[in-house]
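Just so you know, the protein sequences line up as chains E and G, in that order.
Final position of the first sequence in the numbering used here is 254; the numbers increase by one with none missing.
Final position of the second sequence in the numbering used here is 1580; the numbers increase by one with none missing.
Beta carbons: idealized from backbone N, C-alpha and C, even for Gly.
Here's the structure, in C-alpha cells; my notes come after.
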Amino acid sequence: MKPVTTILLIEDDKDMVEDVPPLMSQPQYGIEVDTILVTPEMDIGTLRNKIKAKPYDCLVLDIRMPPCVGMTNDETEGGRITGVLLCRQIRKILPTTPILVFTAVSDPDVQRAILHEGANRILDKPAQPDQLAEKIRQIVRSG
Amino acid sequence: MSDQRLSDEELFEKYKDGVIPPLIASPDSRFGLVNGKLLEIYQRGFSLVHSVPLGVLLPNLTFQPGKPERWNEGNYRPNESTIPDWTSLCSLIRKFETPSGERPGDKECERCDKRKALTAEGKGKAIAYLCPHGLIDMAVPVRLDSQTIAVLFSGQRRPKRAAKWPKDLLDIDDVQTPENETSPDLLIESRKRIQGLTKLGICVSEIETAMKCDDERQPGVEVGPNEIEGVLTRMDTAALHLSTLASNTYEFEKARLVSVIRYGLAQALTIPKEGPSNWEDALRAMKPQLLRFAMLYGLDYAALCRIVNDEEIEIVCQIGLDQILSGSNRISFNVKGTPERGRVQRFPGLWEIDLNFYSELSVVARILAQAKERAQVFPKMLCAIREDEFGFVLAMGAFRPGKPSLSSSDAKSVVEIAAVAGLIAETLYLLKNLHQAEADMGHLLEDVAHDLRGPIQTIVNKAARFKIAGLSPDEYRDQARKLAAACMRINLLAHRVWTAQRLWRGKLVYKDSTVSVKETVKKVVDTFADVGEREGVDVVVDWDELEQIRSVHVDSDMLFECVLNILHNAIKYSTPSSAGRRSQVMIRGRVEGGRWTISIGNRGIVLKKADMPHIFERYYRTEEAIRYKPEGTGIGLSIVKDFVTHYKGEANVTCDPIPGTREYKTIFEVNIPTETRR
C-alpha cells in the first residue's frame, strides 16, 4: 500500500480550508490534509501548539493572513506578511519540516523574505489541484 | 565651443555630472585667476569664498595696450611679475588682531572684496566705491575670449576729504557697451566722469601699475595733477576696453543663472524615489545658486526657507554669516505686537522690510524680526516670496547698515530667483504627491491582484470538486452557492476598481434619473445573498421604512455602488455573535427635514473615534479592519464619500459598544437632500 502523505494547511480562507482536504484525498493524490483556519482571535501560542501537535510531511502556508494575537499590525504590515512571521516561528519548532508557501501574494520582495525565513518552495495561486499535489510531492521527496 | 552658444539642454548635459574645470588661483594671493567659463567661476569660485580671498585678478596676465586702434584679446599677455601688495593702510586693517587672535578686518575686507568683485562682475561694469573703512577702491571686470577671467581691483587709497564724497557705489556708467564704444559724445562724457575720479584722490599710479599701461613711469610713483589727465585718458580707454570685454556679461549671467537653476530643477526631477524629502534636498542643492545670488546683489546673508507651521520656519539652505541662525535651523516666531514703526517698500512680489515693522506682512516680518533679533546686525532684510499650496518659499537676504535699497530691476531678479526656487519646491511637492500616488497605486494593484486570486482559487477548487463523484444534491447546491459567492467577490472588486478609476480620473459622469431606493437596496441585497451566506451574515431590511423614501433623483448606478460598498463593509466586518448565532446587518431608511437617509448597521469590530474623520478617505483602512480582514483596498468608502458630496449630502458613522458584550454596533448613514434636481 502506498504510504499516505500528511500535510498541514495553514490558511485564513474558509473556502481553501473546506476544499483542499477532499481534493487532495483523492486516490490519485493520496494526500491527507489537516487544516488550521487562521483568525484574528487565534493566539500565536495556540497556533504553535497545533502545528507541533502531530508530525507532518509538509506544511502548506499562506502569506497574507490576519495577524494572530501576539502579532502587531506593524510587524505584519497589516497582515501582508503574517505568513513570513509565522514561517519564522515554525522554523524555531520544526527546523526541518518542508514548508510550501501557497499564496496569492506575488510581491517578489515578500516571496524572497519568506524563503529567507526557511520556506522551501512557493506555489502561486491560483493553481490546479494537480499542481498543488505535484508540488507537495516534490517538496516531500526532496526533504 | 563657447558656452554662450550652447542651449540649456546642452548645458545641462555638459554639466549634469558636476564636472567642473580646475580653478587656477592662489589661496594666498590677493588675486586669483579662474581659468574657466562663467559657469565654472560661479560654481567653483563662489564655493571658495569662505576660505579664499577672492579679489580675483590675474596673477599671470598683463594688459599690454600697444596702440589703441589695434587692441584685441592679444593685448593680454602672461606676466611673471609679482602682484602688487596691499596698500599699507589696507594691510593694517587686515592684519589687526583682537586679543583672541581673530582678524576681523581681514574677514571684512575679504567679504567686501568678494561682494564688490561680484557686483562688478554681475553688472558688467567697472565700479568705484568707498569701502567701510573709508578707502576708495575700484573693481573692474575683465572678460576675455568669451570668458570672464577676472575682476581687477585697484585704488585702496584713503580720500583726503571723505565727508564730501558719495558713501557708496559710484558706477562708471557709460563706458561698458559695444554700442557706445565709438561714440565721441559718450567718450567725452565718460571721460568727464572718469576725470571726476581725480577728486576722489585715487592713486592713479596704482591703477597704472595694476593695468600695466605702456607708460614709461615706474609703478608706484606718485604723479602730479598735470599728469593725471593723461593717465586717466589711458585708464578711460583701458576701462572702456575692459568693459567692452565685459559687455553682455550681466545679461549672459542672468541667462546662465536661469540655466543653472533649470539644471537644479532638472537635477531635482531626476531624483526618482526619495520623493517626500526631495524638495528640501533640492533647496539645499540650490546653495551655490543662492550664494551666487547673494554675492551678485551684495547681500551678507541669504536663505531659502519654508514655513513649517504657523509658528515655525525652517531655514533649508543659507549662506553667509551662518552665526545668524547657529544652533538651529528652525526659527519660532511668536510676535504678537504690531508696532507700526518702519515702512515697507514693495516691488512686485518683493518686500524690503524695516525689521521694526511687524504688521501687514506678519509672518514674513516676524520671521525676519526673529532673524534680526538673533543677528543684531542688520537693519533691513530683503525677502522675496512665492506662495502656493505648498506654503511659502522665501529667498531672503540681509543688508549691511548703510547699504542702499535695490533698484527695481535688481528686485525683479530677486523675485525671479525666488520664483524659480518656489517652482522647484512646488514641483517637488507635486512629485512627492506623485510618488505617494504611485506607492498607493502600487499597493492598490497588489491588493487587487491578491483579492482576485483568492476567489479564483476558490472557483478552481470548486470546479475540481464538482468533478468528484459522490456529492449529494444538497452538497452540490452548497458548493454551487459558494462558487457563485466567489464569482461575486471578483465582480464586486472589478466593479469597485472600475468606478474608482473613473472617479479619480475625472471620467465619472453622474447621470441623474428617478430611482427607487427600495429597488436599489433590493438589488444590492440580492447581489450579496451568496456572499452573506459565506460569511455567516444575514441581511435584514426594513422594507416599510425604505418604502417611505419612494423615489429619489440621483445617478442610479452610483446609488447602487454606494449602498453596495457600505453593505459589503458591514458584512465583511461583522463578527460572529457571542451566542453562536449568525450575525445580522440591518438596513433602514427614513425621510425627514427635507433629506432622505439610508442607514446600515452591524455588530462587529470597533471603529475608533480617531479613525472616524479618515474613514471615507481613499485607501484608508483602520488597524482593526486590517487585523480582522487583511484583504481589502480601502477605496469603497471613498466612492461613497464622492456620491454624497456630489449631491450635497453627508455620510456619517457611529460606533458604540453593545452593553454586556465585547461587540460594537456600527451604523453608517448616508443622507441626501430630497431635492437634488438642478
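Minimum Cβ-Cβ distance from residue i to chain E less than 8 Å
i         : result
VAL1362/G : yes
TYR1522/G : no
ARG1505/G : no
LYS1531/G : yes
SER949/G  : Reliability fails at SER949/G, whose pLDDT of 25 lies under 50, so the model's placement of it is uncertain and no value is given.
GLU1519/G : no
LYS1384/G : yes
ALA1472/G : no
ALA1553/G : no
GLU1525/G : yes
ALA1388/G : yes
GLU1377/G : no
is_contact[residue i, chain G] using C-beta, thresh 8 Å
i        : result
LEU197/E : no
GLY55/E  : Here chain E comprises residues numbered 112 to 254, so residue 55/E is not present and cannot be evaluated.
LEU134/E : yes
ASP130/E : yes
Contacts of residue i in chain G (Cβ-Cβ under 8 Å)
i        : result
LYS236/E : ARG1355, GLY1356, ILE1358, GLN1359
GLN239/E : VAL1362, ALA1366
MET127/E : GLN1359, THR1360, ASN1363
PRO151/E : ARG1529, TYR1530
Within chain G, the residues that residue i reaches when beta carbons sit closer than 7 Å
i        : result
SER264/E : Any property of residue 264/E remains undetermined from this structure, which presents chain E solely from 112 to 254.
GLN139/E : In chain order: nothing, as chain G lies at least about 11 Å away.
ASP124/E : GLY1356
Residue from the options with nearest C-alpha to residue i
i         : options                                    : result
GLY194/E  : ILE204/E, ILE247/E, PRO206/E, LEU211/E     : LEU211/E
VAL1399/G : VAL1465/G, ARG1564/G, MET1343/G            : MET1343/G
ASN1363/G : THR116/E, GLN137/E, ILE118/E               : GLN137/E
LEU1405/G : ASN1573/G, LYS1550/G, GLY1538/G            : GLY1538/G
GLU152/E  : VAL1572/G, ARG1529/G, MET1460/G, THR1535/G : ARG1529/G
ALA1431/G : ILE1473/G, GLU1447/G, SER1418/G            : ILE1473/G
ARG1589/G : GLU1526/G, GLN1486/G, THR1499/G            : For chain G, the structure presents residues 903 to 1580; residue 1589/G sits outside this window and is missing.
PHE213/E  : PRO177/E, ILE247/E, LYS165/E               : ILE247/E
GLU1526/G : VAL149/E, LEU134/E, ASN184/E               : ASN184/E
TYR1521/G : THR1535/G, VAL1350/G, SER1476/G            : THR1535/G
ASP1444/G : PRO1357/G, ILE1502/G, ILE1361/G, HIS1470/G : ILE1502/G
GLU129/E  : GLN1359/G, LEU1346/G, CYS1557/G            : GLN1359/G
CYS1557/G : ILE1517/G, GLY1551/G, VAL1350/G, TYR1549/G : ILE1517/G
Residues near residue i by beta carbon distance below 6 Å, same chain, minus five either side
i         : result
GLU228/E  : VAL195, CYS198, ARG199
MET127/E  : none
CYS1464/G : VAL1542, PHE1545
LYS165/E  : none
ASP145/E  : LEU119
Other residues of its chain near residue i: CB distance less than 7 Å, five sequence neighbours each side excluded
i         : result
LYS161/E  : ILE147
ILE192/E  : ILE174, VAL221, ALA224
VAL1417/G : SER1453, VAL1454, VAL1456, SER1458, LEU1461
ARG202/E  : GLU228, GLY229
GLU1519/G : SER1540
Beta-ladder partner(s) of residue i, from DSSP
i         : result
GLY1503/G : MET1488/G, ILE1569/G
HIS1455/G : THR1416/G
ALA1472/G : None, per the DSSP bridge assignment.
ARG232/E  : LEU211/E
LEU148/E  : GLU122/E
CYS1557/G : THR1568/G
LEU170/E  : LEU119/E, ILE210/E
ILE142/E  : THR116/E
TRP1498/G : VAL1493/G, ILE1574/G
ASP1440/G : GLN1486/G
VAL180/E  : ASP154/E
GLU853/G  : No answer is possible for residue 853/G: the residues shown for chain G start at 903 and end at 1580.
Residues that residue i contacts on chain E, provided the C-beta gap is smaller than 9 Å
i         : result
ILE1370/G : PRO133, LEU134, GLN137
Residues that residue i contacts on chain E, provided the C-beta gap is smaller than 7 Å
i         : result
ILE1528/G : ASN184, GLY189, GLY190
GLU1348/G : ASP218
Other residues of its chain near residue i: CB distance less than 8 Å, five sequence neighbours each side excluded
i         : result
ILE1560/G : ARG1505, TYR1566, LYS1567
VAL115/E  : GLY141, ILE142, GLU143
Item to check | Near-chain A residues of the segment 164 to 187 of chain E - C-beta to any C-beta below 7 Å | outcome: Among the protein chains in the structure shown, which are E and G, there is no chain A.
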